[in-house]
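Single-structure report; data block below.
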Amino acid sequence: MRSGRYGRSDMALHPAWLAGHVVRESAMHKIVVLYPPQPDPDAFKAYYLETHIPLARKLPGLLALRYSFDVQGVGGEALYFCVFEAEFSDGAALGAAMGSPEGQAVAGDVPNFAQVPPTLIHYSIESSM
């Protein structure tokens with residue numbers, strides 16, 4: 117697979133790819149987006165807060181949404197400028213959200229403000245408490 121604008125492959129941001137790679141159906145599921153430092157952090161932040169977060173809040177099945185621009189490195193410089201987290205009831209709900217028109221709008225909006233592409237990870241949430 118060729119390397120695309122958003123990391124190893126453009127498919128990593130594609131809702132169908134994400135839906136096809138969700139492995140757990142019974143546990144809470146989280147997606148995390150890690151944005152590296154951007155050339156114009158003020159423009160990024162303004163667009164992110166005014167446009168992108170309102171789009172993300174419309175994701176069907178979204179249980180919680182969090183983000184921060186106060187990302188600190190432990191023992192060194194922070195590798196990321198912004199962190200986004202979203203929680204869903206299970207992997208199927210995350211896949212459905214990202215495959216929905218709202219999910220496609222969220223994924224399609226990223227190039228509008230992120231000049232340096234983000235890293236996306238998703239996983240089921242385990243608890244030991």
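Numbering-wise (this note's numbering), the sequence shown opens with residue 117 and increments by one. Cβ coordinates follow ideal geometry from the N, Cα and C atoms, glycine included. Every value quoted in this text rests on a predicted model; they were computed, and no experiment measured them.
**Asked** Do you know how far the Cα of glycine 211 is from the Cα of alanine 162?
**Response** 28 angstroms
**Message:** In the DSSP output, what is histidine 238 paired with across the bridge?
**Reply:** Ile147
**Message:** Am I right that valine 199 and valine 148 are in contact with their C-beta atoms under 8 angstroms? What's the rounded C-beta distance?
**Reply:** 7 angstroms
**Item:** Reduced DSSP secondary structure (H/G/I, E/B, other) of glycine 120
**Value:** Summary for glycine 120: the model assigns pLDDT 43, below 50, so the residue's position carries little reliability, and this model does not support an answer.
**Prompt:** So, alanine 180 versus glutamine 188, is the Cβ gap smaller than 9 angstroms?
**Reply:** no
**Asked** With DSSP run on the structure shown, which of helix, strand or coil describes glutamate 249?
**Response** Residue 249 cannot be examined here, being either before or after the span of the chain that is shown, 117 to 245.
**Request:** Below 8 angstroms CB to CB, which residues in the same chain sit around phenylalanine 197 once its five sequence neighbours on both sides are set aside?
**Result:** Tyr151, Pro152, Pro153, Gln154, Pro157, Phe160, Phe185, Val187
**Asked** Nearest to lysine 146 by alpha carbon, out of Gly192, Ala230, Ala208?
**Response** Ala208
**Request:** Check whether the stretch 167-177 touches the stretch 221-241, counting contact only when three or more Cβ pairs, one atom from each stretch, lie closer than 8 angstroms.
**Result:** yes
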